[in-house]
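The opening residue of the sequence shown carries number 1 in the UniProt record's numbering; numbering runs sequentially from there. Just so you know, even glycine gets a beta-carbon here, dropped at the ideal spot from N, CA and C. One structure is given here, and the rest of the page talks about it.
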Amino acid sequence: MAKRSITDDEIALIKAMQIRGFKNKDIQFYFNRPDRPVNSGRISGIRSETYGGSAAVPAAPNAALDSFLAAHADGKKHLTSSSAHSDTPWSHNRIAKCFAKGSDGVWRLVVKESDHFECKASFGFKYQGKWLRAIAALANNDGGYIFFGVNDKDVKGPKGEDLSYAVVGLDNNEFASADPADLATRVKSMFDPTPAIQIAVAKIGEKNVGVLYVHRHDSRPVIATKQDGDIKEGDIFYRYPGQSSRIKYSDLRAMLDARDAEARTQILPMVERLLQLGPTRSMITDLDEGIMADGKRTIQIDQNLIEKLTFIKEGQFSETDGAPTLRLIGEVQPIDGTSKAKQHLGVLTRADFLAAFLDQAKPDDPKEYIRFALEVATNERLPLHYFSRLAKLDNEGLMEFINNTNGPSARKKKCIKWLKPNAAYQAAVGKPKGILAEIIAGKLPTISTPTEASHAAQAILALPSSATFEIGSILTLLKRCLVVAGTTSAISFVRRAICRVDELKFSSSS
């Protein structure tokens, strides 16, 4: 049983937001944290009530949601005295220390632009490439601030006075009134992995300064996934003193080496311990899936125990003097008859996909089959309704899931088109028409050649929506057709016939 990272209160709020029509990408912004990302799949799981235990959690009352949204909006606007005692990088105290009032009465950024600070005199969505570039650059270095309403260096006033790093204030309300979800969506749509940001408006002197704090990303490098202005797909930006520019090879190499070294540092002690114990005395625990396994045996861990163990995964356990030692006391019990062991999906192939449908298998991760059809399969039709029903997705939920995959846009459009009623239907002519009449009458043909497989498949393609048939017999016939068709041209008819049975028996309209 997988560990649930979203609390009941959060699930209740998410359900209330879904009722109001919030989109997944907008809901994500309110619940994403640097230490706990919430992906769109989990939000869809809450919508379909397949996410662990979410079915038992009712939607939050309207008043509770209103209070939550209001508190969130207040938290991203002006920093008040209540935040002055906080020591976060975006707290009032920390930001105020970055500025000082000069003898000329002008407030300036005293730390100057460096590899942790970048200044922009204004903010606007029209030229978002400039600040998106800075976000990625800071996330790829050590994080830092972007100040809007603060001059860059070498700026002169009307009388030639030096106004470098001077606080000029935001010249419009675009930053202060910006929807946090919109900002997060723009960042997410441009970069992968997505940088984490914090937003605020601070009052420096008598002027408002927009503050965008960027966290250092633990999975650097952050890479541009599409083109926008002077940002090109594949660009990796890095913050150098005084500028955000494309990363140099030496810095990229150092970043990758540091990431590899960190991964080795984290995993080597565990590998060394495994080698000391040997295969007969050790098992590996997956705290997300809630299982212990040694390659031969699998032990499922109780949900309550997983929640107590997660502090290890979260890095709260350390071998320091006086640190508590975890001791497990209890019995290993078999799963009761009403439960079944979780089947973990390994490498999925096209043959596995079709076999799962034809055998009417019930995998524990049906969404991964749908994902395979979008991200791995190319032009062939594959049955999606069956796996959608197993995943408890209605037609709208299935389309949303398809659009949220990483499959090519052309493939997404094609698969969504195939979800329409009778999309796989094709009228039978010639010999397939006669076979169709026999199938409807309950007489199934004998298949021994690819041509016979093709004719039988074309007959199944013409099954009317009103037809009644025993699905087990039709699936057995299709299995035979699939084997006999092999790699011949008949295979395309067989795949489409499988999809015809899928839409007749398992679509949301069937």
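Please state the DSSP three-state secondary structure of Trp131. For the purposes of this step, residue 131 is identified with residue 131 of the sequence shown, where counting begins at 1. In this structure, DSSP gives Trp131 a helical state, which the three-state scheme calls helix.
Which residue wins for smallest C-alpha separation from Leu419, given the options Ala437, Gly434, Glu396, Lys431? Position 419 of the sequence shown holds residue 419. Looking from the CA of Leu419, the closest CA among Ala437, Gly434, Glu396, Lys431 belongs to Glu396.
Three-way DSSP call (helix, strand, coil) for Leu165 in this model: Your numbering for residue 165 matches position 165 in the sequence shown. The sequence given here places Tyr at residue 165; Leu does not occur at that position. Looking at Tyr165 - three-state DSSP - the assignment turns out to be coil, as it is neither helix nor strand.
Boundaries of the beta strand (DSSP E) in which Ser244 is found, first to last residue: On the sequence shown, residue 244 is found 244 positions in, with the first residue counted as 1. For Ser244, the enclosing beta strand (DSSP E) stretches over residues 243-246.
Going by beta carbon distance, what residues of the same chain come within less than 7 Å of Phe99, once the five residues before and after it are set aside? Position 99 of the sequence shown, counted from the start, is the residue given in the question as residue 99. For Phe99, the CB contacts under 7 Å within the same chain, skipping 5 residues up- and downstream, are Trp107, Arg108, Leu109, Val110, Val167, Ile204 in chain order.
Consult DSSP for Lys101 and reduce its assignment to one of helix, strand or coil. In the sequence shown, the residue the question calls residue 101 occupies position 101. Reduced to three states, the DSSP call for Lys101 is strand.
Would you kindly work out how many angstroms separate the C-alpha atoms of Ser489 and Gln227, rounded to a whole number? Translated into positions along the sequence shown, residue 489 becomes position 489. Translated into positions along the sequence shown, residue 227 becomes position 227. The alpha-carbon atoms of Ser489 and Gln227 are separated by roughly 40 Å.
Ignore the nearest five residues each way along the sequence and tell me which others in Asn140's own chain have a CB closer than 6 Å to its CB. The sequence position of residue 140 within the sequence shown is 140, counting from 1. Annotation for Asn140: Arg220, Pro221, Val222, Tyr238 place their beta carbon closer than 6 Å to its own, counting only its chain and skipping 5 residues before and after.
Do the CB positions of Gly229 and Gly129 come within less than 8 Å of each other? Numbered from 1 along the sequence shown, position 229 holds the residue referred to as residue 229. Numbered from 1 along the sequence shown, position 129 holds the residue referred to as residue 129. Contact flag set, yes.
I need the boundaries of the beta strand (DSSP E) containing Tyr145, first residue and last residue. The count along the sequence shown starts at 1 and reaches residue 145 at position 145. Its beta strand (DSSP E) spans residues 144-148.
Using 8 Å as the threshold, is the C-beta distance between Ser473 and Leu444 below it? If you number the sequence shown from 1, residue 473 lands on position 473. If you number the sequence shown from 1, residue 444 lands on position 444. Between Ser473 and Leu444, the gap from beta carbon to beta carbon is short of 8 Å.
6 Å CB neighbourhood of Leu354 in its chain, flanking five on each side removed: Translated into the one-based positions of the sequence shown, residue 354 becomes position 354. No residues qualify anywhere along the chain.
Using the Cβ count rule (16 or more neighbours within 10 Å means buried), how would you classify Val201? As a working mapping, residue 201 is identified with position 201 in the sequence shown. Around the C-beta of Val201, 16 or more other C-beta atoms lie within 10 Å, and the residue is accordingly described as buried.
Continuous beta strand (DSSP E) stretch holding Asn208: start and end: Working through the sequence shown from its first residue, we reach residue 208 at position 208. Here the beta strand (DSSP E) through Asn208 covers 207-214.
Which value, in whole angstroms, describes the spacing of the CA atoms of residue 520 and Ile199? The structure shown does not extend to residue 520, since the chain is modelled only from 1 to 510, so the question has no answer here.
Keeping to the same chain, check which residues put their C-beta closer than 7 Å to that of Cys119; ignore five residues upstream and five downstream. The residue you call residue 119 lines up with position 119 of the sequence shown. Around Cys119, the same chain offers Leu109, Glu113, Phe147, Val150, Asn151, Asp152, Tyr165 as residues with beta carbons nearer than 7 Å, after the five sequence neighbours per side are excluded.
Unbroken alpha helix (DSSP H) run spanning Arg480, endpoints: Counted from its first residue, the sequence shown places residue 480 at position 480. Residues 471-485.
Taking the Cβ atom as the reference point for each residue, do Pro383 and Cys481 lie within a distance shorter than 8 Å? As a first step, residue 383 is located in the sequence shown; it is residue number 383 there, counting from the start. As a first step, residue 481 is located in the sequence shown; it is residue number 481 there, counting from the start. No, the pair does not count as a contact, with Cβ atoms beyond the cut-off.
Opening and closing residue of the beta strand (DSSP E) in which Lys117 lies: Taking the sequence shown and counting its residues from 1, the one referred to as residue 117 is at position 117. Here residue 117 is Phe; the residue named in the question, Lys, does not match the sequence. If you look at Phe117, you'll find it in the beta strand (DSSP E) that goes 117-120.
Identify every residue that forms a DSSP beta bridge with Leu109. In the sequence shown, the residue the question calls residue 109 occupies position 109. According to DSSP, Leu109 bridges with Phe99.
How many angstroms separate the CA atom of Gly75 from the CA atom of Ser177? Within the sequence shown, numbered from 1, the residue matching residue 75 stands at position 75. Within the sequence shown, numbered from 1, the residue matching residue 177 stands at position 177. Any answer about Gly75 is weak, because its pLDDT of 44 lies below 50 and its placement is not dependable; what the coordinates show is given next. Cα-Cα distance, rounded: 13 Å.
Best match in Glu368, Thr378, Asn403 for proximity to Tyr386 [C-alpha to C-alpha]: Here the question's residue 386 lines up with position 386 in the sequence shown. Nearest Cα to Tyr386 within the set Glu368, Thr378, Asn403: Glu368.
Just mark Leu268 as buried or exposed, buried being the case when its beta carbon has 16 or more other beta carbons within 10 Å. The residue labelled residue 268 in the question sits at position 268 within the sequence shown. It counts as exposed.
Looking at C-alpha atoms only, which residue of Ala453, Ala462, Ala224 is the closest neighbour of Pro195? Along the sequence shown, read from residue 1 onward, the residue named residue 195 stands at position 195. Taking only the C-alpha atoms, the option nearest Pro195 is Ala224.
In whole angstroms, what separates the C-alpha of Gly337 from that of Asp394? As a position in the sequence shown, residue 337 is number 337, starting the count at 1. As a position in the sequence shown, residue 394 is number 394, starting the count at 1. Note on Gly337: pLDDT 48, under 50, position unreliable in the model; the coordinate value appears next. In a straight line, the C-alpha of Gly337 is about 30 Å away from that of Asp394.
Cα-Cα separation, Lys414 to Leu358: Residue numbering aside, residue 414 sits at position 414 when the sequence shown is read from its first letter. Residue numbering aside, residue 358 sits at position 358 when the sequence shown is read from its first letter. Inter-residue distance for Lys414 and Leu358 is about 23 Å (C-alpha atoms, whole angstroms).
Could you tell me the alpha carbon to alpha carbon distance between Met283 and Lys23, rounded to whole angstroms? Counting from one through the sequence shown, the residue named residue 283 turns up at place 283. Counting from one through the sequence shown, the residue named residue 23 turns up at place 23. One C-alpha to the other measures close to 41 Å.
Beta-carbon proximity list for Ile14, same chain, < 8 Å, skipping 5 on both sides: Here residue 14 is taken as the residue at index 14 of the sequence shown, counted from 1. Hits under 8 Å: Ile6, Ile27, Phe31, Ile43, Ile46.
Can you tell me the Cβ-Cβ gap for Lys417 and Ala424, rounded? I've got them flagged as a contact below 8 Å. What you label residue 417 is simply residue 417 of the sequence shown in a count that begins at 1. What you label residue 424 is simply residue 424 of the sequence shown in a count that begins at 1. Between Ala424 and Lys417 the Cβ distance is about 11 Å, and since that is not below 8 Å, they are no contact.
To the nearest angstrom, how far is the alpha carbon of Pro421 from that of Ala497? Start at 1 with the first residue of the sequence shown, and residue 421 comes out as number 421. Start at 1 with the first residue of the sequence shown, and residue 497 comes out as number 497. CA-CA distance, Pro421 to Ala497, rounds to 14 Å.
Quick check on the burial criterion: 16 or more other C-beta atoms within 10 angstroms. Buried or exposed for Gln243? The residue you call residue 243 lines up with position 243 of the sequence shown. If you draw a 10 Å sphere on the C-beta of Gln243, you find fewer than 16 other C-beta atoms in it, and that means exposed.
When you compare only the Cα positions, how much space is there between Lys248 and Ala16? Along the sequence shown, one-based indexing puts residue 248 at 248. Along the sequence shown, one-based indexing puts residue 16 at 16. Spanning the two alpha carbons is a distance of roughly 47 Å.
Assuming Ala427 contacts Ala462 (C-beta within less than 8 Å), just tell me the rounded distance between them. The residue labelled residue 427 in the question sits at position 427 within the sequence shown. The residue labelled residue 462 in the question sits at position 462 within the sequence shown. The Cβ separation is near 6 Å, so the contact holds.
Under 7 Å Cβ to Cβ from Ala137, same chain only, skipping five residues before and after it: list those, please. The sequence position of residue 137 within the sequence shown is 137, counting from 1. Correct list, in chain order: Phe237, Tyr238, Arg239, Ser244.
Taking only the alpha-carbon atoms, compute the straight-line gap between Leu390 and Phe372 and give it to the nearest angstrom. Your numbering for residue 390 matches position 390 in the sequence shown. Your numbering for residue 372 matches position 372 in the sequence shown. Between Leu390 and Phe372, the C-alpha separation is close to 15 Å.
DSSP on Asp286, reduced to helix/strand/coil? The residue given as residue 286 occupies position 286 in the sequence shown. DSSP places Asp286 in strand when its eight states are reduced to three.
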